[in-house]
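S.K.:
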Amino acid sequence: MTLEQATAHVRAAMSPEVFELLFDEPRLRRLRALATGEPLLLDPAATGAGDTEILVTSWGAPRLDAALLDRMPRLRAVVHAAGSVQGLVSDALWERGITVTSAADANAIPVAEYAFASIVLAFKRAFVHVRTPSQVVGWGDLVGSPLYGSVGRTVGIVGFSRIGRRVVRMLRQLDDVRILVADPFVDPHAVAAAGAELLPLDALLGQVDVLSLHAPALPETRHMIGRAELAALRDGATVINTARGSIVDHDALYEACAAGRIDAVLDVTDPDPLPADAPLRRLPNVALTPHIAGSMGTETRRLADSALDDVEALLRGGRLSGVITRRDMELSA
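First residue of the sequence shown? That's -12 in the numbering used here, and the numbers climb one at a time after it.
This is the structure we're talking about:
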């Protein structure tokens, strides 16, 4: 969809705090240059929004259902300055043929960086030592342990998503690290070209030292890593989840980690965040971070830049960075 005009009626739908976070003064100037009039935040009741042609959304945006869309009859495109559009889109949106784009590629960068860093630290069991600072352990106690080191290790990537692909590329810079991928929907040639090997999940699990999860939250993926899958992992393996908490059966994970057989690094949980008295919080070999792998602080500027690029492309006939279709929603979170 191309509006083929210099500017358009642009509004933003997100919380005021998020708008201020994403659009600093240089980016706000750029947005204003693309908008007809002032690019105001959408009124919760959508009053006075009838001229909206492009809606820039992010965290805190309302669901774009039929009632809200009826108040924006000229809306032609939704540009999402964040990752998933799962909670934003509706059947009514798709039925009206409105173009939807997402900054998911931009948001994938910090998630992949976090996952890669976590994998490297897992090779050294760094999280376990951080969690148990009162234990006095010297270098000489560990230097000969087969649980430490990256050389000769195998990493399993579950989900060859935009994030999973980035993690694979980062892992290739490590010496003598084998990379396995499990994803039933991916082209085997794409995985091979990336320098990894495609296997079914059940064949992958018993071979990996680190399991990094990058699958979407769908009914089919709920608890896809359960008791049987965790039992199939090697002793001393680490599970890293930067995707969605529902992918992992937390009761099963607690049992495996409490037994000391595997470690875990969880940036996402189910529920998210875990309650203060959750059993997983008490385990020294489980590291929990509060969903910080995605764009945070200054990294959110990438999301604004991606959205602004798409608004400009819509106006001037350029290439949109991340078009989302109804079919995509069946395979991604």
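In this text, a Cβ means the ideal position worked out from N, Cα and C, and glycines have one as well.
Source: prediction; values computed, not measured.
Using 8 Å for Cβ pairs, my map puts D257 next to S233. What's the rounded Cβ distance?
M.R.: Residue mapping note: residue 257 aligns to position 270 of the sequence shown, counting from 1. Residue mapping note: residue 233 aligns to position 246 of the sequence shown, counting from 1. Indeed, because the Cβ distance is near 5 Å, the residues count as touching under 8 Å.
S.K.: A169 and L188: beta carbons closer than 8 Å?
M.R.: To locate residue 169, count along the sequence shown from 1; it is residue 182. To locate residue 188, count along the sequence shown from 1; it is residue 201. Yes, they are a contact pair.
S.K.: Using only alpha-carbon positions, find the residue among A95, H116, H(-4) that is nearest to L270.
M.R.: Here residue 270 corresponds to residue number 283 of the sequence shown, with the count starting at 1. Ranking A95, H116, H(-4) by Cα distance to L270 puts H116 first.
S.K.: Quick check: A79 and V145, are their CB atoms within less than 8 Å of each other?
M.R.: In the sequence shown, counting from the first residue as 1, residue 79 sits at position 92. In the sequence shown, counting from the first residue as 1, residue 145 sits at position 158. No, they are not a contact pair.
S.K.: From the DSSP output, read off the bridge partner residues of I311.
M.R.: Working through the sequence shown from its first residue, we reach residue 311 at position 324. V87.
S.K.: Residues in the same chain with beta-carbon distance under 6 Å from A181, minus the five sequence neighbours each way, listed in chain order, please.
M.R.: Counted from its first residue, the sequence shown places residue 181 at position 194. Only V155 meet the Cβ criterion.
S.K.: Work out the CA separation of V107 and V164 for me, nearest whole Å.
M.R.: One-based indexing of the sequence shown puts residue 164 at position 177. One-based indexing of the sequence shown puts residue 107 at position 120. Going from the Cα of V164 to the Cα of V107 covers about 11 Å.
S.K.: Three or more C-beta pairs closer than 8 Å, one from the region 261 to 279 and one from the region 299 to 308: is that the case here?
M.R.: The region 261 to 279 vs the region 299 to 308: no contact.
S.K.: May I have the straight-line CA-CA distance separating R152 from V298, to the nearest angstrom?
M.R.: Within the sequence shown, residue 152 is the residue found at index 165, counting from 1. Within the sequence shown, residue 298 is the residue found at index 311, counting from 1. Their Cα atoms are separated by approximately 27 Å.
S.K.: Determine the direct distance from the alpha carbon of A(-1) to that of S383, and round the result to whole angstroms.
M.R.: Here the chain has residues from -12 to 320 only, and residue 383 is not among them.
S.K.: Closest by CA to T327, which one among L200, V65, I150?
M.R.: Here the chain comprises residues numbered -12 to 320, so residue 327 is not present and cannot be evaluated.
S.K.: Going by C-alpha to C-alpha distance, which of A113, E100, I212, R83 sits closest to S282?
M.R.: As a working mapping, residue 282 is identified with position 295 in the sequence shown. Nearest of A113, E100, I212, R83 to S282, Cα basis: E100.
S.K.: Around the C-beta of G309, are 16 or more other C-beta atoms found within 10 angstroms, so that it is buried, or is it exposed?
M.R.: In the sequence shown, the residue the question calls residue 309 occupies position 322. With 16 or more Cβ atoms within 10 Å of its Cβ, G309 is classed as buried.
S.K.: In terms of residues, what are the limits of the beta strand (DSSP E) holding G182?
M.R.: As a first step, residue 182 must be located in the sequence shown, where it is residue number 195. Premise fails: G182 is in no beta strand (DSSP E) and is neither H nor E.
S.K.: Using a Cβ-Cβ cutoff of less than 7 Å, which residues in the same chain neighbour A95 once the five nearest sequence positions on both sides are dropped?
M.R.: The count along the sequence shown starts at 1 and reaches residue 95 at position 108. For A95, where only same-chain residues beyond five positions count, the Cβ hits under 7 Å are R149, I150, R153.
S.K.: Distance check for G284 and P8, CA to CA, integer angstroms please.
M.R.: Translated into positions along the sequence shown, residue 8 becomes position 21. Translated into positions along the sequence shown, residue 284 becomes position 297. For the record, residue 8 in the displayed sequence is Leu; it is not Pro. Each residue's alpha carbon lies about 7 Å from the other.
S.K.: Excluding the five sequence neighbours on either side, which residues of its own chain have a C-beta within less than 7 Å of the C-beta of M157, listed in chain order?
M.R.: Here residue 157 refers to the residue found at position 170 when the sequence shown is read from its first residue. These residues qualify, in order along the chain: A99, F103.
S.K.: Is it the case that the region 212 to 227 contacts the region 239 to 258, given that we only count it when at least three CB pairs across the two stretches are under 8 Å?
M.R.: Flag = yes, the region 239 to 258 and the region 212 to 227 touch.
S.K.: Find the nearest neighbour of G213 within the set Y241, L186, G223, judged by alpha-carbon distance.
M.R.: The sequence position of residue 213 within the sequence shown is 226, counting from 1. The shortest C-alpha separation from G213 is found at Y241.
S.K.: Let's see if you can read the secondary structure: which residues bound the beta strand (DSSP E) around L275?
M.R.: Your numbering for residue 275 matches position 288 in the sequence shown. 273 to 275 is the extent of the beta strand (DSSP E) around L275.
S.K.: What residue range is occupied by the uninterrupted alpha helix (DSSP H) comprising V117?
M.R.: Here residue 117 is taken as the residue at index 130 of the sequence shown, counted from 1. V117 -> alpha helix (DSSP H) spans 113 to 118.
S.K.: Taking the alpha helix (DSSP H) that L220 belongs to, which residues open and close that run?
M.R.: Position 233 of the sequence shown, counted from the first residue, corresponds to residue 220. Careful: L220 lies outside any alpha helix (DSSP H) and carries neither H nor E.
S.K.: Pick helix, strand or coil for S105, following the three-state DSSP scheme.
M.R.: Position 118 of the sequence shown, counted from the start, is the residue given in the question as residue 105. S105 falls in the helix class under three-state DSSP.
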